[in-house]
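A.B. asks: Right, I'll just put the structure down here and ask away after.
Chains as they are written, first to last, in UniProt numbering: chain A, 1 to 314; chain B, 1 to 284.
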């Protein structure tokens, strides 16, 4: 909590001391606090917790889409899922996509933010240019790139003098998806980095300058360390978002699984099982498996983060 | 490559700045090129749009695609649907997540820690992760193919609660204490002191919720089949594609779907960046 944005962070000591007085106020406790969180919790229970529990229940049945006459079949769905090559393929595609996209986004967003931060003129213009793709709906961005990657009539091959069958050849389809995603989503991480850069106190740089540090040294010794937390956040958000990739993949592949099923993602497979094959029980089982994977990733991050703060605290 | 930078310079151009600006312009050109091509395509005739080899500028400029798009009628419905859904989602999210963020940050009640843990676990659940069970839930509630079904499931974003919770923790307690001593209640303090103080954070949360909701594809795609109820991104992706792709029209439709947010961003970008910095998202 003691990095760039700490201007806003609470002063721990003061907060703790004042906290006890507030908590001790009679009549200001449970009721009021409870009512503050109640509206959110109502929506949250109905549309997050309940579906999660219902998913667990459905995953143990052979429910179809109409939700009638489901039979309890125990762990059969899970057993089937673990032996299902299509599920593993889909999981592999989502994981591969994540591995490709996340490092690229982090590096690219950082470079763009450094660029926009250091150009003195026309700040708003650079912000707009780098962020504008993120403002497009995923389907629009997907259609646009489907069109750009079109082998005959598309601009990509035309500009680079290529003859690549981007969307119809299994060896290029994933790459096309990654390129589209970089262009479309890097703006969000760019904005996070830019805000973080702007909140690094100027006096740090001035002090370093007085000590004779050049621009390169200032970047290595001040900027990068100060950006460590935001980098962690960008990577975490991006991993969770990339594992859940769906929109651009289906749009660019005309709602199909891509050439030789090479871009069918995990979310897509879940929805196909649920809504196309009407196997709600099975779809719920693989959704739960997916939830467990996402939770494991998130917990691993928290665990790593805790270890690091403990180290820093020593 | 020209640099369209407004020249209200106070400081002289240094060689370093010139290099950086040229670099910035080049990168911007790469970012804008796909959009420019989409725009030019929308101004070609359908036959020219699919001509091989392709070319940037239309030989014959025409607004035929835009006219045809508006004439089909659906697009105005989709626009209104998008607007209704996004405005409702943003209003509800701002209200419930500000209240919840404050409740968790500054009030005490039984079971707070457990509930907070539960909300944090919600960070991992989204329509992408649990789409099928969420759909059957909404189906049970009789909300398939309704505005309610599109709006309400988007209104429980744990992430926004967490962001505001973090922010409210940083609001100086002394301000609230003073108001309590003057006899103000919790609600009064919240609405007259805390909310005005948090305007930049609330603006950031609101804007990002609006962007996410306007651009949301997956959930409306699952919950609506009726073309009259579709939102802009869905209508364009699912209905227009199913006629066989007419590229000029598709590009025009895409630009129409994207334009409102681009306009919003142009006007509010300073607040957005300030808001991101202010929520503590960027620096914690």
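By construction, the Cβ of each residue, glycine as well, lies at the ideal position given by its N, Cα and C atoms.
Are there 16 or more other CB atoms within 10 angstroms of the CB of residue 153(B), so buried, or fewer, so exposed?
C.D. replies: Buried, since its Cβ has 16 or more Cβ neighbours within 10 Å.
A.B. asks: Who are the near neighbours of residue 221(B) in its chain, counting only those whose CB is closer than 6 angstroms to its CB and skipping five residues on each side?
C.D. replies: 234
A.B. asks: Establish whether the CB of residue 97(A) and some CB of chain B are separated by less than 8 angstroms.
C.D. replies: Chain B, which has no Cβ nearer than 8 angstroms to the Cβ of residue 97(A), makes this no.
A.B. asks: Please report how far the alpha carbon of residue 104(A) lies from the alpha carbon of residue 35(B), in whole angstroms.
C.D. replies: Cα to Cα, the separation comes out at about 22 angstroms.
A.B. asks: Would you mind telling me which residues of chain B sit closer than 7 angstroms to residue 102(A), beta carbon to beta carbon, in chain order?
C.D. replies: Contact note: residue 102(A) does not reach chain B at a C-beta cutoff of 7 angstroms; the least C-beta distance is about 17 angstroms.
A.B. asks: May I ask you to report which of helix, strand or coil DSSP gives residue 299(A)?
C.D. replies: The answer is helix: DSSP assigns residue 299(A) an H, G or I state.
A.B. asks: For the alpha helix (DSSP H) containing residue 28(B), list its first residue and its last residue.
C.D. replies: For residue 28(B), the enclosing alpha helix (DSSP H) begins and ends at 15 to 42.
A.B. asks: Can you give the Cα-Cα distance for residue 282(A) and residue 88(A), rounded to whole angstroms?
C.D. replies: The straight-line gap from Cα to Cα measures roughly 14 angstroms.
A.B. asks: Applying the criterion that 16 or more other CB atoms from any shown protein chain within 10 Å of the CB defines a buried residue, is residue 57(B) buried or exposed?
C.D. replies: By the 10 Å Cβ count, residue 57(B) comes out exposed.
A.B. asks: Quick one: using the 10 Å Cβ neighbour count with 16 as the cut-off for buried, is residue 122(A) buried or exposed?
C.D. replies: When all chains shown are included, residue 122(A) counts as buried.
A.B. asks: Is the shortest distance between the beta-carbon of residue 198(A) and the beta-carbons of chain B less than 8 angstroms?
C.D. replies: At a cut-off of 8 angstroms between C-beta atoms, residue 198(A) counts as an interface residue with respect to chain B.
A.B. asks: What is the C-beta distance between residue 126(B) and residue 167(B), in whole angstroms, given that I count them as a contact (C-beta under 8 angstroms)?
C.D. replies: That pair is no contact at about 22 angstroms.
A.B. asks: Alpha carbon to alpha carbon, how far is residue 188(B) from residue 328(B)? Give it in angstroms, no decimals.
C.D. replies: The question about residue 328(B) has no answer, for chain B in this structure spans 1 to 284.
A.B. asks: Find the residues of chain B that neighbour residue 270(A), judging by a C-beta separation of less than 8 angstroms, and give them in chain order.
C.D. replies: Neighbours of residue 270(A) on chain B, chain order: 131 and 132.
A.B. asks: Mapping DSSP to helix, strand and coil, what is residue 72(A)?
C.D. replies: strand
A.B. asks: Going by DSSP, name the residue or residues bridged to residue 343(A).
C.D. replies: An answer regarding residue 343(A) cannot be provided, because it is not within the stretch 1 to 314 covered by chain A.
A.B. asks: Would you say residue 148(B) lies against chain A (beta-carbon separation less than 8 angstroms)?
C.D. replies: It does not: the Cβ of residue 148(B) has no partner Cβ on chain A nearer than 8 angstroms.
A.B. asks: Does the beta-carbon of residue 277(A) have 16 or more other beta-carbons within 10 angstroms, so that it is buried, or is it exposed?
C.D. replies: exposed
A.B. asks: Nearest-angstrom Cα distance between residue 245(B) and residue 215(A)?
C.D. replies: Pairing residue 245(B) with residue 215(A), the inter-Cα distance amounts to about 51 angstroms.
A.B. asks: Using a Cβ-Cβ cut-off of 8 angstroms (strictly less than) and excluding sequence neighbours within five positions of residue 106(A), which residues of its own chain qualify?
C.D. replies: 189, 231, 234, 235 and 238
A.B. asks: List the residues of chain A whose Cβ lies closer than 8 angstroms to the Cβ of residue 126(B), in chain order.
C.D. replies: Against chain A, a Cβ distance below 8 angstroms from residue 126(B) picks out 244.
A.B. asks: Please confirm whether residue 105(A) has its beta-carbon closer than 8 angstroms to some beta-carbon of chain B.
C.D. replies: Using a Cβ-Cβ cut-off of 8 angstroms, residue 105(A) does not count as an interface residue toward chain B, since no Cβ of chain B sits closer than that to its own.
A.B. asks: Apply the 10 Å Cβ neighbour rule to residue 137(B) and answer buried if 16 or more other Cβ atoms are within range, or exposed otherwise.
C.D. replies: buried
A.B. asks: In the structure shown, what three-state DSSP assignment does residue 56(B) receive?
C.D. replies: coil
A.B. asks: Near residue 266(A), what residues of its chain come up, given a Cβ to Cβ distance below 7 angstroms and the 5 sequence neighbours on each side ignored?
C.D. replies: 90, 91, 94 and 290
A.B. asks: Determine the contact status of residue 286(A) and residue 56(A), defining contact as a CB-CB distance below 8 angstroms.
C.D. replies: no
A.B. asks: How about residue 261(B) and residue 125(A): are their beta carbons less than 8 angstroms apart?
C.D. replies: no
A.B. asks: To the nearest angstrom, how far is the alpha carbon of residue 14(B) from that of residue 22(B)?
C.D. replies: Residue 14(B) and residue 22(B): Cα-Cα distance of roughly 12 angstroms.
A.B. asks: Provide the residue span of the alpha helix (DSSP H) that contains residue 168(B), from first to last.
C.D. replies: 158 to 169
A.B. asks: Does the region 72 to 92 of chain B come within contact of the region 146 to 165 of chain B, defined as at least 3 CB pairs closer than 8 angstroms?
C.D. replies: Contact check between the region 72 to 92 of chain B and the region 146 to 165 of chain B: three or more CB pairs, one atom from each, fall below 8 angstroms, which counts as touching.
A.B. asks: Would you say residue 265(B) faces chain A, with C-beta separation under 8 angstroms as the test?
C.D. replies: yes
A.B. asks: Between residue 153(A) and chain B, is any beta-carbon pair separated by less than 8 angstroms?
C.D. replies: yes
A.B. asks: Can you give me the C-alpha to C-alpha distance between residue 7(A) and residue 204(B), rounded to a whole angstrom?
C.D. replies: Confidence is the limiting factor: at residue 7(A) the pLDDT is only 33, short of 50, which leaves the residue's position unreliable and the question unanswerable from this model.
A.B. asks: Do the region 130 to 149 of chain A and the region 164 to 179 of chain A meet, that is, are 3 or more Cβ pairs less than 8 angstroms apart?
C.D. replies: yes
A.B. asks: Going along the region 223 to 249 of chain A in order, which residues come within less than 8 angstroms of chain B, judged by CB to CB distance?
C.D. replies: 229, 230, 233, 240, 244, 246 and 247
A.B. asks: What is the rounded straight-line gap between the Cα of residue 40(B) and the Cα of residue 73(B)?
C.D. replies: 23 angstroms
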